[in-house]
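2 protein chains.
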Amino acid sequence: MKRHRAPPSGAAPSRTAPRRGRPKGGTGLTREKVLDAALALVDQEGVDALSMRGLAAVMGVDAMSLYNHVDNKDAVLDGLAERLLASIERPVLTGDWRRDLRALALSFRQVALRHPGIAPLVLTRQLGSLQAMAVSEAALATLDAAGVPPKEAVHVLRFILAFLIGALVREVSSGPTFSGLDLDGLAERHTALKTSGLRHVARAARHLAACDHAAEFEFGVDMMVAALEARLGSSRGPKRRAK
Amino acid sequence: MKRHRAPPSGAAPSRTAPRRGRPKGGTGLTREKVLDAALALVDQEGVDALSMRGLAAVMGVDAMSLYNHVDNKDAVLDGLAERLLASIERPVLTGDWRRDLRALALSFRQVALRHPGIAPLVLTRQLGSLQAMAVSEAALATLDAAGVPPKEAVHVLRFILAFLIGALVREVSSGPTFSGLDLDGLAERHTALKTSGLRHVARAARHLAACDHAAEFEFGVDMMVAALEARLGSSRGPKRRAK
DNA sequence: ACCTGAACACCGTTCAAGT
DNA sequence: ACCTGAACACCGTTCAAGT
């Protein structure tokens, strides 16, 4: 009965835009400052530690004052996710789409690692703002340079984003010690694995136990490049399309 | 100061294993039943609606009784994620790895769509249980059949999982109406896009506005298959390895 | 126009007490 | 061994009142 979907947060700008000139000399609270504080808090304590009350306390202000600059907590989360997306450095195009795609992927990874608490938000939230599309723009530019026609480029874009976000969220939300599976346990549980019908997992246990995230990420990017190469190669035939 | 990482939840079995025989005739509460109810609740109302108190109320029991069968709320969430993973149907191998890989991906998608609220949990939570490795086993079996050596298979596995989870979480957490971007707004904002330096986004707006999730997913799977084909093809040379 | 405090309807979890 | 209620320390958000 209780609809709980995130609000569209679409084209309409925030209902509570701050005044233009400085607000008469008050506390100087601002949507921007609220997000700044929220970002710092999440970076230090994690998403779960973000509460409107705690955020207000950190800012030395009453909890309810925040609602003058931000619709609600969900809007704060959306804002953080959009900031992350917007802060991804767009690498200059070199003309070598392989290199450019790799560079973009690395940029993405860098900001995700810098803000591990925010990264998962990017995946779940629907972000319609112009800011949030910076990555898409960069990726589409690269694909255009590679000769991928616009319609197909959109599909490729979605494929790339799915991998990037999937890989990065997995990475940032696995603790620094862990490696995606129970590192210590996997080896000893070898017999348990085999009796559970997990033959192949048992056989690969040694490799599953270790995980170099950077290398793994690069491997994935290589796979994407390979897929794209195959796609471009196969369309060599009907490529002559100049009207 | 406040560590809030999810607990390891590793090799050690739940601290609160239920009695073996029926519990003397009490309410018959069980970890399994708790998870059943939690699953139903999340499927109907969404993750945000899951609370220990509400869950207990639905089960007609005191809130604290749950803690006799479940460590805490996080453990419930972990349990749900593991159930999702475990419930993925493992397709029988046909010998055609392309077909088998596609079938596995589709199985994954089907359970994700059946439990949209749970899918995102799979990504963020560290799942070390044997149950959760069913998908990995299936994927590794397929890759083995395709002739991918164990060590490389693990990398490929991680690539596949990153894409699958990234794509599916994106799909389930975009509302049924929305399509990943602001469907209605994108067309009108064409000029805004161009002035924002989002040339390529503007050009692709028409294609970005529409999103057939099923087709998009299939496209991604095709890309994975293509990447794998390229990889297998290039190792044709040193393939003769029979001792 | 912005800030504030009290208030409402919730949370997860601990603990001592029951059976 | 399991269940229970009271209690603690929190939440997000509304609303009427302040300046």
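Chains A and B, in that order, give the protein sequences.
FYI, the numbering for the first sequence is 1 to 243, going by full-length UniProt numbering.
FYI, the numbering for the second sequence is 1 to 243, going by full-length UniProt numbering.
We put the beta carbon where it would ideally sit given N, CA and C, even for glycine.
Anticipated Cβ contact below 8 Å, residue i with residue j, distance rounded
| i | j | result |
| --- | --- | --- |
| A134/B | A86/B | 6 Å |
| F219/A | H155/B | 5 Å |
| L93/A | T142/A | 7 Å |
| R158/A | E216/B | 5 Å |
| A202/B | H190/B | 6 Å |
| L41/B | V58/B | 6 Å |
Contact check, residue i vs residue j, beta carbons under 8 Å
| i | j | result |
| --- | --- | --- |
| L55/A | A38/A | yes |
| A230/A | A230/B | yes |
| M224/B | I165/B | no |
| L130/B | S136/A | no |
| S51/B | L29/B | no |
| V221/B | L123/A | no |
| L77/B | V111/B | no |
| A138/A | L113/A | no |
| H213/A | E171/A | yes |
| A204/B | P150/A | yes |
| E82/B | L127/B | yes |
| residue 281/B | H207/A | What is shown of chain B runs 1 to 243, which leaves residue 281/B out entirely. |
| G117/B | V70/B | no |
| L35/B | A146/B | no |
| A227/B | A167/A | no |
N-terminal and C-terminal residue of the alpha helix (DSSP H) that residue i is part of
| i | result |
| --- | --- |
| E171/A | P150 to S173 |
| T195/B | H190 to T195 |
| T142/B | A134 to A145 |
| P120/B | A119 to T124 |
| D74/B | K73 to A86 |
| R203/A | R199 to A209 |
| A63/B | It is not in any alpha helix (DSSP H) - A63/B carries neither H nor E in the DSSP assignment. |
| D36/A | R31 to E45 |
| D100/B | W97 to R114 |
| A57/A | M52 to V58 |
Interface partners of residue i on chain B, CB under 7 Å
| i | result |
| --- | --- |
| H207/A | P150, K151 and V154 |
| P120/A | T124 |
| G28/A | Near G28/A there are no residues of chain B at all, since even the closest Cβ is about 28 Å away, more than 7 Å. |
| M223/A | F159 and A227 |
Interface residues of chain A facing residue i [CB-CB closer than 9 Å]
| i | result |
| --- | --- |
| G220/B | H155, R158, F159, A162 and F163 |
| L130/B | R189, A192, L193, S196, L198 and V201 |
| S87/B | Per Cβ cutoff of 9 Å: no residues; S87/B is ~16 Å from chain A at best. |
| S174/B | Q126 |
Where residue i meets chain B, residues with beta-carbon distance less than 8 Å
| i | result |
| --- | --- |
| E229/A | A230 |
| A226/A | A226, A227, A230 and R231 |
Partner residues on chain A for residue i, Cβ-Cβ distance less than 7 Å
| i | result |
| --- | --- |
| T191/B | What T191/B touches in chain A: nothing, since even the nearest Cβ is about 12 Å away. |
| E137/B | L198, H200 and V201 |
| E216/B | H155 and R158 |
| D144/B | H200 |
| M133/B | L198 and V201 |
| A204/B | L140, P150, A153 and V154 |
Under 9 Å by beta carbon: chain B residues contacting residue i
| i | result |
| --- | --- |
| G141/A | Before going on, a small fix: residue 141/A reads as Ala here, not Gly. Within chain B, the residues near A141/A are R199 and H200. |
| R170/A | L123, T124, R158, L161, A162, I165 and G166 |
Amino acids of chain A, ordered along the chain, whose beta-carbon sits closer than 8 Å to that of residue i
| i | result |
| --- | --- |
| M52/B | Result: empty, since nearest Cβ-Cβ is about 16 Å, beyond 8 Å. |
Residue i: CB within 7 Å of a non-hydrogen atom of the ligand GTP
| i | result |
| --- | --- |
| A162/A | In terms of ligand content, the structure shown is empty, and the ligand GTP therefore cannot be addressed. |
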